[in-house]
Amino acid sequence: MAENGFKMLGTMVGPKKAREEFLKSKMESEVKKIARLKDLPNQHALLLLRFCIQQNLRHLQRSLKSDDLKDYWEKMDQELWDEVQRMRTRQTEGTEAENALGKKLSHLPARFGGLGLLSFTDVAPLAYKAAAAQADKHLANIFGLDLPDEAPTPSQRELCSSMWEHQQTTILEGLNDPARKRLIENASKIGKRWLNVIPYFQPLRLSNQEVATGLHDRTLVGSSIAICSFCGSDSPLGHDELCRSRNSWAQRRHDSINRIIHRGLQSVEGAVVSLEPRTLEGQRRNDLRVRGRCGLHATDYDLKVYCLNDRDARSTLSAKLPSTPVATHVLNRCLSWLDKVSEIATKKAPATHAGVFKAVVMSTGGLMSRETADEMRKWRREMGHMAFEGMMRKMSLELVRARARTFAM
-7 MAENGFKMLG TMVGPKKARE EFLKSKMESE VKKIARLKDL PNQHALLLLR
43 FCIQQNLRHL QRSLKSDDLK DYWEKMDQEL WDEVQRMRTR QTEGTEAENA
93 LGKKLSHLPA RFGGLGLLSF TDVAPLAYKA AAAQADKHLA NIFGLDLPDE
143 APTPSQRELC SSMWEHQQTT ILEGLNDPAR KRLIENASKI GKRWLNVIPY
193 FQPLRLSNQE VATGLHDRTL VGSSIAICSF CGSDSPLGHD ELCRSRNSWA
243 QRRHDSINRI IHRGLQSVEG AVVSLEPRTL EGQRRNDLRV RGRCGLHATD
293 YDLKVYCLND RDARSTLSAK LPSTPVATHV LNRCLSWLDK VSEIATKKAP
343 ATHAGVFKAV VMSTGGLMSR ETADEMRKWR REMGHMAFEG MMRKMSLELV
393 RARARTFAM
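Written as structure tokens, this is what we have:
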């Protein structure tokens, strides 16, 4: 055992050479799987990469002593990033800074605005530390040993969460205003849902171009074309949504999301949902009206989808309190503008025969105003979990498709 090591419980115990050969063989097997992803549609490949392939070695980070095998974890991180770059299908080579930022973002969990391809290099020491602390605790209980009076080691979840929060803060501090907003959108409930959608049938499928657009968004890179061929201006991140010389797909995006919400509300027991109901002000109409015996009785809704990079939107580069985290500051600035838009829409709402009016306001990346988020929670209670989750997934997919229509690779 001292020379050749000993395999047990799916890991290897012994000298560096034995552990190195064991980890190398495991990694070679996973690298071969990654190489075969090119034969699949990119949506399927991304799902397998996130939920299967990258997970196959996670147990070794807790059970295999690998502090002297860091090069292998770095190689695995690079393999994952190379596959993301392949699926992103960028037309030109990105700068060193763009690639470094994209790789960092790919390592963040989706709830922090990343891709969820967690860094093996970063997680390995934390996972092993947490596992060793848990093992010491259980062995002490079994054998009646006394442990030193020290503060308990946090769990792996707590250690990693703290690390990711720090990484997100560091990234946000180095971003400009449009990139900050895009990262916060990517972390939103709707903005991240498309990453988890399993394409059982056609409405849940994304084309390779649409997946590539989504990956451009989540790695915060704009078009490969430095100068917009439509208007002649610079083409930074987010320009494709603001360029007035391109065909506007805003109405199609609005109508598609409105139909998705309509179908979702129709699943509420006792609800009668109308599309574009008449109001008391001539030709003005709201988007949806709910009547019937349900918890949403007598409510009119009007959907508004805005770009956070609009010229009227609030900057996230303004001064903040020292005690306020950067992510919280950016989120609050975005939400306060969406709340203002919601308030204006409510004031200008056309009069109706009866009932209340609610503005459903969200950004083009899926970030909802506070009032809309509260209303969504009501919808979830009325619809049930399955219907509500289906609606949210379809909205997330539609927002990705909408961006892909105007995005120039």
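Using this note's numbering, the letters of the sequence shown correspond one by one to residues -7 to 401. We put the beta carbon where it would ideally sit given N, CA and C, even for glycine.
Checklist entry - How about the stretch 268 to 286 and the stretch 238 to 257: do they share at least three Cβ pairs that are nearer than 8 Å? => result yes
Checklist entry - Can you list the alpha helix (DSSP H) stretches of 4 or more residues lying completely in the stretch 223 to 269, in chain order? => result 231 to 234, 242 to 258
Checklist entry - With DSSP run on the structure shown, which of helix, strand or coil describes L284? => result Reading the sequence shown from its first residue, position 292 is the one you call residue 284. Per the sequence shown, the amino acid found at residue 284 is Gly instead of Leu. DSSP places G284 in strand when its eight states are reduced to three.
Item to check | Residue span of the beta strand (DSSP E) that contains L15, given as start and end | outcome: Counting from 1 along the sequence shown, the entry for residue 15 is found at position 23. No beta strand (DSSP E) holds L15; the alpha helix (DSSP H) holding it covers 8 to 27.
Checklist entry - Taking the alpha carbon of L39 as the point to measure from, which residue in I190, T291, K332 has its own alpha carbon closest? => result Within the sequence shown, residue 39 is the residue found at index 47, counting from 1. Checked all of I190, T291, K332; the closest Cα to L39 is I190.
Next on the checklist: For a quick check, are the C-beta atoms of L295 and H246 less than 8 Å apart?
Outcome noted: As a working mapping, residue 295 is identified with position 303 in the sequence shown. As a working mapping, residue 246 is identified with position 254 in the sequence shown. Closer than 8 Å, so yes.
Checklist entry - Mind checking whether R306 and S328 have CB atoms under 8 Å apart? => result Here residue 306 refers to the residue found at position 314 of the sequence shown. Here residue 328 refers to the residue found at position 336 of the sequence shown. A contact, by the Cβ cut-off of 8 Å.
Next on the checklist: For the structure I just gave you, are there three or more beta carbon pairs, one from the stretch 237 to 245 and one from the stretch 261 to 274, closer than 8 Å?
Outcome noted: no
Checklist entry - Is it buried or exposed for P7, if we count other Cβ within 10 angstroms and need 16 for buried? => result Counted from its first residue, the sequence shown places residue 7 at position 15. With fewer than 16 other Cβ atoms within 10 Å, it is exposed.
Checklist entry - Taking C-alpha atoms, which residue in T344, L229, S221, L313 lies nearest to Q275? => result As a working mapping, residue 275 is identified with position 283 in the sequence shown. Out of T344, L229, S221, L313, T344 has the C-alpha closest to the C-alpha of Q275.
Checklist entry - Nearest to S17 by CA position, among G2, K30, R28, is which residue? => result Within the sequence shown, numbered from 1, the residue matching residue 17 stands at position 25. Cα-wise, what sits closest to S17 is G2.
Checklist entry - How long is the line joining the alpha carbons of L107 and A179, rounded to whole angstroms? => result Taking the sequence shown and counting its residues from 1, one reaches residue 107 at position 115. Taking the sequence shown and counting its residues from 1, one reaches residue 179 at position 187. For L107 and A179, the distance between alpha carbons rounds to 10 Å.
Item to check | Alpha-carbon to alpha-carbon, A10 and N(-4) | outcome: On the sequence shown, position 4 is the one that residue -4 refers to. On the sequence shown, position 18 is the one that residue 10 refers to. Between N(-4) and A10, the C-alpha separation is close to 6 Å.
Item to check | Endpoints, the alpha helix (DSSP H) within which D294 is located | outcome: Here residue 294 corresponds to residue number 302 of the sequence shown, with the count starting at 1. Note, D294: premise wrong, no alpha helix (DSSP H); beta strand (DSSP E) at 291 to 298.
Checklist entry - Which residues in the same chain have their Cβ closer than 6 Å to the Cβ of Q83, if we skip the five residues on either side of it in sequence? => result The residue you call residue 83 lines up with position 91 of the sequence shown. Closer than 6 Å at the Cβ level, and outside the excluded window around Q83, lie S216, M401.
Checklist entry - Going by C-alpha distance, which of C326, K57, G284 is nearest E374? => result Taking the first residue of the sequence shown as position 1, residue 374 is located at position 382. Nearest of C326, K57, G284 to E374, Cα basis: G284.
Item to check | Endpoints, beta strand (DSSP E) assigned at M4 | outcome: Position 12 of the sequence shown, counted from the start, is the residue given in the question as residue 4. Note, M4: beta strand (DSSP E), 3 to 5.
Checklist entry - How many angstroms separate the CA atom of R80 from the CA atom of V203? => result Residue numbering aside, residue 80 sits at position 88 when the sequence shown is read from its first letter. Residue numbering aside, residue 203 sits at position 211 when the sequence shown is read from its first letter. Approximately 7 Å between the Cα atoms of the pair.
Checklist entry - Name the DSSP bridge partner or partners of S355? => result Within the sequence shown, numbered from 1, the residue matching residue 355 stands at position 363. Answer is Y298, bridged to S355.
Item to check | Backbone secondary structure at K350 - three-state DSSP | outcome: Counted from its first residue, the sequence shown places residue 350 at position 358. Of the three classes helix, strand and coil, the one that applies to K350 here is strand, per DSSP.
Checklist entry - What does DSSP give as the partner residues of M384 in its beta bridges? => result Locating residue 384 in the sequence shown gives position 392, counting from the first residue. Paired residues: none, contrary to the question.
Checklist entry - Among L234, P314, T291, A394, which residue has its Cα nearest to the Cα of V352? => result Working through the sequence shown from its first residue, we reach residue 352 at position 360. When each option's Cα is compared against that of V352, the closest is T291.
Next on the checklist: Please classify F380 as buried or exposed, where buried requires at least 16 neighbouring CB atoms within 10 angstroms.
Outcome noted: What you label residue 380 is simply residue 388 of the sequence shown in a count that begins at 1. So F380 counts as buried.
Item to check | Contacting residues, own chain, Cβ-Cβ under 7 Å from W156 (five flanking each side not counted) | outcome: Position 164 of the sequence shown, counting from 1, holds the residue named residue 156. Same-chain partners within the cutoff: L100, P101, F104.
Checklist entry - Of all Cβ atoms in chain E, is any one closer than 8 Å to the Cβ of K24? => result Absent here is chain E; the protein component of the structure consists of one chain.
Item to check | Cβ-Cβ separation, S355 to E165 (assumed contact under 8 Å), whole Å | outcome: By one-based count along the sequence shown, residue 165 stands at place 173. By one-based count along the sequence shown, residue 355 stands at place 363. Contact flag wrong, Cβ pair sits at about 22 Å.
Item to check | Per-residue DSSP class, three states only, for K312 | outcome: If you number the sequence shown from 1, residue 312 lands on position 320. Residue state, collapsed to three classes: coil.
Checklist entry - How should P170 be labelled, buried or exposed, when 16 other C-beta atoms within 10 angstroms of its C-beta is the threshold for buried? => result Taking the sequence shown and counting its residues from 1, one reaches residue 170 at position 178. Result: buried.
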